[in-house]
Structures are given as C-alpha cells and as structure tokens.
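In mature numbering (1 follows the signal peptide of the UniProt record, and there is no 0), the protein residues as written are -19 to -1, 1 to 339.
Report on the structure given below.
Structure (structure tokens):
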C-alpha cells in the first residue's frame, strides 16, 4: 500500500521533483547555423543543469558588456556569500576584488562557483537570488520554456532545472548573439594570482574542430557537457546530460558529433589522426601493483567533481629533497675471514718491528 502511494506521489509532484535521472542520458545535436535537429534522445526531459547554469550567467554578463553597463575592467567585489561557495572555485576571499574578465575566464575554464556568485551579485544588485530571477526571465525570452534558475553557479537546488533542448538553444544564442565574446570559450588556460588555471572542457583537447562551451557535474545531475565543433563550413552544437561518468559522456558526445557531421556531408576524420579524449580537471594518482615480487607503478586518471557533496579543505603541498640511502654490498663470510687474517698478520709484523727497534 505504502509503495503504491509513494509511486503515485512521484508522478503527482511537479516536474522539477522528477528531474533526477543521473545515468539516463538526454542528448541533442543541432546545426548551429540553421538550427536543424540532427540527433536527439529525450531532449525535453527536465534535468539538473549543474555547472551548465553558468552559460546563462555568462550570457547575461556578455549582454551587460554589450550594453556598456560594465566593462572587462570593472571590479567585481567578493562577498562572504560568494567566497563561501563550494568547489570548484578560484579561492576568492571576502573583500577581494577581481575584474569582470578574470571572473568570466574563471567560469569558462575552472567553472568557478565563487566567481559565478560574485558576478551574479554584481549584475543582480548585490543579490544572487534576484539575479537568478533575471536568469529565468531571460531563459523564457530566449524560448527556454523548461528551464528555471535558482542561482548563478549551478550548485544543487531541486528547483533548478533545464533540458538538453534548452541548453542547445542557449549555446546557439551565445554563439550568434555575442560573436566577439564567444571565442573566450576556447581559452585553454589563464593566469590568476600567479596560478595557471586550465580549462575543464575535454573536447578542446580531444576532438578535432571543437571550439568551446562547458562541462557540469553534481551527483544528482550526472555528468553534463555542452560542446561546439566546426569542420569546414559546418558548425554543430551538442548537449549530453546525465551520463554516468566523464568517460561515457565524452564517448557519447564524440559519437554524436561524428554522426552529425556525417549527416551534414562532412567526410569523417581518420581515427588515427584524432587525439584521444581525456578527462577534464584530471589528477593523477599511483597504484602499486605487485608482480612476481617486483613492484611497478601504474598511473590512473580521475576526475575531480565540480560540485562535491561536502566542503573540501586544501593544504599547501611542498616538495622536499629526500636523502637516498645506498645499501652497502653484503660481504661474504669467506671474504670477511680473509680480511681479518690479513689485518692480524699486519699487526703481528708491526709488533715484531717495534720490539727490535727499541
């Protein structure tokens, strides 16, 4: 009885309450110039956008830049609220200021939640919630009927939802409405306070013709990706939402874009010439593997989540020179005995000479 009631309640709840399909992939591939739909799979199923939310934060930032309300040199104040955002982040502290350009690049490359919240407050009269309302209104104006925003970063909120269709539409509008700013999405890295901040988007390194957009991840959203690629005169936009892993997400996106280009009459690129897709924000750890008493080390690549479930603490890592001890070669019993005999003989000879010299 209770299970039947729970089942019924699940389908009576609003759509946002059922946008929990991590592991079930929604996808959408379109021609960026014509808007023609090439491939799709559950494109209108509501999903959690995770850090793809930042695409709208960037859209509104570019809109404000175009209107002259701000410039790339405008200073963005960092509030306690913005600094308290969970990783991924630039490590901003309350009272700091960064430029709009630095904040934009922080979103494009590292998907920094603290920079996103700071931009939201700058554009939302000091209130990120107010800015989220502006985001939703803009989404409706762009035709994103199934999207609602609750914050500027994409950190988990059950009422923040979107669809693969709506993200593809937003990606196309970013490309067409702001051609001067869109190339920022292809930024491989930038330097912030002496640190090199790399781009998370694996397609930039691993897919021929890829030129930008964003990754996103939370536990409930799964692994999301919006990507754009150009080959010849054809430009495609692809969206993959809810993959189980980065590897699955990257493979699906690669396969869909390949099929899309084929449908558009673009000759496939030989597999041998394509660089392998690598994971974004990769960290390397070493596992020790024993084989026949010999120890070898194998390197594995792991992804660092953009929005972990809990706070994460960091510590400074220093590298110190370590002294190597060289083990002495063991001496055999026979050799040791010979050494002792030789020493005794020398000692006896010295004693004999000393007695006769006195």
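Glycine included, C-beta positions come from ideal geometry on N, C-alpha and C.
From a predicted model like this one, the values you see are computed outputs, not experimental measurements.
*asked:* Give me the DSSP bridge partner(s) of residue 12.
replied: Beta-bridge pairing links residue 12 to 217.
_Pop quiz: residue 207 and residue 192 are said to be a contact at Cβ under 8 Å. What is the actual Cβ separation, rounded to whole angstroms?_
No, residue 207 and residue 192 are not in contact; Cβ-Cβ is about 12 Å, not under 8 Å.
*For residue 21, which beta-bridge partners are listed by DSSP?*
DSSP lists 9 as the beta-bridge partner residues of residue 21.
_In the DSSP assignment, the beta strand (DSSP E) including residue 205 goes from what residue to what residue?_
Secondary structure note for residue 205: its beta strand (DSSP E) is the uninterrupted segment 203 to 212.
_Any contact between the region 35 to 45 and the region 58 to 72? By contact I mean 3 or more CB pairs, one from each, below 8 Å._
Here the region 35 to 45 does not lie against the region 58 to 72, with fewer than 3 beta-carbon pairs under 8 Å apart.
*Measuring CA to CA, which of 89, 218, 250 and 8 is closest to residue 21?*
With distances taken between Cα atoms, residue 21 lies closest to 8.
*Looking at residue 245 and residue 12, is the spacing between their C-beta atoms short of 8 Å?*
For the pair residue 12 and residue 245, the CB atoms are nearer than the 8 Å cut-off.
*asked:* In this structure, how does DSSP classify residue 59 when only helix, strand and coil are distinguished?
replied: Note: residue 59 maps to coil in three-state DSSP.
*Could you check which residue in 46, 167 and 110 has the C-alpha nearest to that of residue 81?*
Among 46, 167 and 110, the Cα nearest to that of residue 81 is on 46.
_the region 219 to 226 touching the region 144 to 158, judged by at least three CB pairs closer than 8 Å_ = Result yes; three or more Cβ-Cβ pairs closer than 8 Å.
_For residue 166 and residue 121, the rounded distance between their alpha carbons_ = Taking the straight line from one Cα to the other gives about 24 Å.
*May I have the straight-line CA-CA distance separating residue 103 from residue 110, to the nearest angstrom?*
Looking at the backbone, the Cα of residue 103 and that of residue 110 are separated by about 12 Å.
*On the premise that residue 150 lies in contact with residue 125, defined as a C-beta separation below 8 Å, what is that separation, rounded to the nearest angstrom?*
The beta-carbon separation of residue 125 and residue 150, rounded to 6 Å, stays under the 8 Å limit for a contact.
*Whose C-alpha, out of 83, 216 and 248, is nearest the C-alpha of residue 175?*
Taking residue 175 as reference, the option from 83, 216 and 248 with the minimal CA-CA separation is 83.
_Cβ-Cβ distance between residue 205 and residue 33 below 8 Å_ = Yes; because the gap between Cβ atoms is below 8 Å, this pair is in contact.
_By DSSP's criteria, residue 199 is part of a beta bridge. Which residues make up the other side?_
Beta-bridge pairing links residue 199 to 203.
_Taking only three categories from DSSP, how would you classify residue 32?_
Helix.
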